[in-house]
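Reviewing the structure listed below.
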Amino acid sequence: MTFIKRVIHKAYLGMMAAVIRFMPPDVFTLFAGEGSSRQLVGHIAGQGTSRLLIVSDKPLVELGLIQPLVARCDELGVACAVFDGVLPDPTFSIVEAGLEVFRQHRADAVLAIGGGSSIDTGKTIAAAATNGFAPRKLEGYFKVKHPPVPLYAIPTTSGTGSEVTKGAVIADSDTHLKAYVADPKMVPVAVALDPALLTGLPPAITAATGMDALTHAIEAYISVWCNPRCERYALAAIKMIFTHLPRAYQNGGDLEAREQMSLAACYAGLAINDTNIGNVHALAHQLGRVYGIPHGLANAVVLPYVLEETFDACASRLANLARVLGFSESGSDGEAARAFIAEVVALNQRLNIAAGLDKLAAADVEDLASAAAREGSRLPVPVLVPREGFASVLQRLLVVV
Ligand SMILES: [Fe+2]
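Using the numbering used here, the first residue of the sequence shown is number 1080, and each one after it goes up by one.
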C-alpha cells in the first residue's frame, strides 16, 4: 500500500470510528434459557403474525427440532410453511427458492432456525420480500431501503452471532464467491437462545463454532473501531467462552454451559456489529474458499499465529485481556499479551483443534497470502498485514503439521 493510500485509509478508519460511536445500539427482544424457543413462538403470535415462514435445513427437520414449534404455532393460530432447503454456504438461488415459498404461503413474518447459514438466508428472504427486487441486488451496504418483514431467529449453534448481526453472507450461485449483505434493518426483532436445542451439537462443531465466537470477540476488542459499548460485549464474551466452551465440548448436555455459550456468541456478534472482523478472518476466509475448511476451525487454527504476527500493534490490548481474565498477575504488557496467546493455544489443545493445517499446500501460500492482505486492507484492523506477513503465518502452519 502506498503512503497516500495509507493516509486515506487511516482517515477513513478515524471518521468511521466516530460515526459508529454515535450509532444507536441494536434493539431486539431476547428470550434465553430452556424453553425460550416456545416463548419466542408465543411472542410471534402475540405480535399479530398469522402466516409464518420457517427457514431451516433438512437435518434439523429430520432431528425433530422444528415440528414441536410448528405444532405450537398451530395451537396459537399461526399458519406455518417450512422451507428446509438451506445448505452450508447458502447461495442467492437458495434465497430465491425460499422467497418463492414465502410468496406462495403469503407469509407475513420469517422465523430462521439453525446455524448461521439458515439465519443469513432468513434475513435475506425477509429483506427481499419487502424491497421488490432480486435478492442479489441486496449485495453491499445499506441496500435494504424498506424494513424487512418481521424477522425472528433461533440459533442452533453458538458461533456466528448472525442472530444479532447486521449482515448476511450469501454466495453467488455460479461462482460461489461470497457476497456480503449488510444493513442495520436486518437485525432480527426477537431472538431465542434455547440451550435445549444445542445439546445434540457434536463436540467438533461445538469447538469450531465456539472458537469462531471467540475470534469475533477478540477481533472486535483489538479493532481500531472498538468503542466502550463494543468493549463491554467483547470482554463479556471472551470471559464466558474461556469458562464455558471446554464444558460444552466435554459434555454437550451441560445446559448451563450451552446457555452461557449461546449468550457469549450473541455478545460477540453485538461487538462485531460495531467493528467488523479483522486479520484472522481475512486469512481464514481464504482457507475456507480454497480448501473448504469450516469457518470456525480455520479461525481457531490461525488465531494464535495472527496474534503473534500482529503482536506489536495489539500487545497492550491483549495484555488488558490477560489481566482481566486472570491469566497474568504481573509483568510487562508484552509478557501479559504472550500469556493471553498461550491461553488461546491451550484452549485449542483442550478442544483437540490441530496446530497446523494438513490441507494447506506450499504452492498456494503466495496466492492465499495476497488474497488475505487484500481483504485485511478493507477492515478496521489494528495493523495492516502485508502479503509477506500472511505468507509467514502460512509457512508456520505448514511446519507444524
Ligand atoms: Fe466468523
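Note that beta-carbon positions come from the ideal geometry of N, C-alpha and C, so glycine has one too. Computed from a predicted structure; not experimentally measured.
According to the DSSP secondary-structure assignment, Lys-1257 is paired through a beta bridge with Ala-1250.
Minimum Cα-Cα distance from Ile-1284 among the listed residues Glu-1335, Asn-1306, Ala-1111, Met-1340 corresponds to Met-1340. The closest CA to that of Gly-1127, considering only Arg-1117, Pro-1229, Lys-1216, is found on Pro-1229. Assigned with DSSP and collapsed to three states, Thr-1244 falls in coil, not helix or strand. Contact between the stretch 1186-1194 and the stretch 1125-1142 is established, with three or more Cβ pairs separated by less than 8 Å. By the CB criterion at 8 Å, Val-1243 and Asp-1105 fall inside the cutoff. Here the alpha carbon of Ala-1415 sits roughly 50 Å from the alpha carbon of Ala-1213.
In this chain, the alpha helix (DSSP H) harbouring Pro-1147 covers 1146-1154. By the C-beta density criterion, Lys-1438 is exposed, having fewer than 16 other C-beta atoms within 10 angstroms.
Beta bridge pairing from DSSP links Tyr-1220 with Ala-1261. Arg-1130: member of the beta strand (DSSP E) spanning 1130-1134, first to last residue. The three-state secondary structure of Gly-1164, taken from DSSP, is strand. Here the stretch 1459-1476 lies against the stretch 1381-1394, with 3 or more beta-carbon pairs under 8 Å apart.
Per DSSP, Leu-1109 lies in no alpha helix (DSSP H) segment; the continuous beta strand (DSSP E) that holds it begins and ends at 1108-1111. In the pairwise beta carbon analysis, the stretch 1261-1275 is classified as touching the stretch 1231-1245: at least three pairs are separated by under 8 Å. Between Ile-1204 and Ile-1133, the gap from beta carbon to beta carbon reaches 8 Å or more. In terms of CA proximity to Ile-1123, Val-1268 leads the group Ala-1336, Ser-1241, Leu-1144, Val-1268. Here the alpha carbons of Cys-1345 and Val-1462 stand approximately 26 Å from one another.
A straight line joining the alpha-carbon of Ser-1172 with that of Arg-1368 spans about 19 Å.
Within its own chain, the residues whose Cβ lies closer than 7 Å to the Cβ of Leu-1178, once the five positions on either side in sequence are excluded, are Ile-1204, Ala-1207, Ala-1208, Pro-1214, listed in chain order. As the crow flies, the alpha-carbon of Gly-1164 is around 20 Å from that of Thr-1254.
Taking 8 Å as the upper bound for CB-CB distance, Asn-1352 and Ala-1363 are not in contact here, some 19 Å apart. Our two residues, Ile-1198 and Ser-1116, have alpha carbons roughly 15 Å apart in a direct line. Where Ile-1233 is concerned, the enclosing beta strand (DSSP E) starts and stops at 1230-1234.
Within the model, the alpha-carbon separation for Ala-1434 versus Asp-1136 is close to 32 Å.
Taking a contact to require three or more Cβ pairs closer than 8 Å, the stretch 1314-1329 and the stretch 1280-1296 qualify as touching. Taking the Cβ of His-1295 as the reference point, at least one heavy atom of ligand 1 falls within a distance shorter than 7 Å. Each residue's CA atom was taken as its position, placing Ala-1160 and Leu-1139 some 15 Å apart. Between Leu-1119 and the set Leu-1148, Gly-1240, Glu-1218, the nearest pair of CA atoms involves Leu-1148.
Proximity to Ala-1401 across Pro-1383, Glu-1422, Leu-1382 peaks at Glu-1422, based on C-alpha coordinates.
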